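If you count by this note's numbering, then the sequence shown holds residues -17 to 126, one letter each, in order. C-beta: ideal position from N, C-alpha, C; glycine also. Predicted model, so just to flag it, every value in this text is computed and none were measured. Notes for the one structure printed next.
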Amino acid sequence: MTRDTVRCPDSSGLHIPEALYDRMLAHCRKSYPDEACGLLAGKGDRAFDIFEMTNTEPSPVSYFMDPKEQFHALKVMREKGLQLVAIFHSHPQSPAYPSPKDVSLAFYEEAVYIIVSFVDREKPEMKAFNIVEGNIEVRELVIG
Ligand SMILES: [Zn+2]
């Protein structure tokens, strides 16, 4: 993984501890060549916890997050006083950029959408976006 997504921490980036970052990558690698998905919980612009979700419609080009798991994860977050800060999934074959389907299914305007691309399997690329009313805005990721 190159760290070129890590920029100056004074920007409005999402902070992800290294351990969570590693778990996110490992979860995505496990599903390869299919897409993987999951959630990050935290507060404001900091992620504290990861929920690895099941892709119930395994495919190399799309994912469908198990609604029951998702419901449960959101409940656990509420109980812990945490918010949904990010929704992540992998792109085994395409760049780290939201697909038209990703955009049309982006219902959480507050959440950061993280995409992990394995176009180069040796150097996965992780990028983050806000998707609001069909508009894609790049967000910084601060790992560590
Ligand atoms: Zn996607």
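How long is the line joining the alpha carbons of R5 and E122, rounded to whole angstroms?
19 Å
Rounded to a whole number of angstroms, what is the C-alpha to C-alpha distance between K12 and A18?
8 Å
So does the stretch 72 to 82 actually touch the stretch 51 to 62, counting three or more Cβ pairs closer than 8 Å?
No: the two stretches stay apart, fewer than three of their Cβ pairs being nearer than 8 Å.
Give a yes or no on whether the C-beta atoms belonging to A42 and P15 are separated by under 7 Å.
According to the sequence as given, residue 42 is Pro; it is not Ala. A contact, by the Cβ cut-off of 7 Å.
Under a Cβ-count criterion, where at least 16 other Cβ atoms within 10 Å of its own Cβ denotes burial, should R(-15) be classed as buried or exposed?
Because R(-15) carries a pLDDT of 46, less than 50, the predicted location of this residue cannot be relied on, and the following value inherits that uncertainty. Exposed.
Is any non-hydrogen atom of ligand 1 found closer than 6 Å to the C-beta of D84, if you look at the structure I gave you?
yes
Do the stretch 112 to 119 and the stretch 83 to 95 touch if we need at least three Cβ pairs shorter than 8 Å?
yes
Please work out which residues of its chain come closer than 8 Å, Cβ to Cβ, to P40, disregarding the five sequence neighbours upstream and downstream, and give them in chain order.
S13, D16, E17
Verify the contact flag: S81, CB atom, against every heavy atom of ligand 1, threshold strictly below 6 Å.
Yes, the Cβ of S81 comes within 6 Å of a heavy atom of ligand 1.
Please state whether the Cβ-Cβ distance between I32 and L2 is less than 7 Å.
Yes, these two residues count as a Cβ contact at 7 Å.
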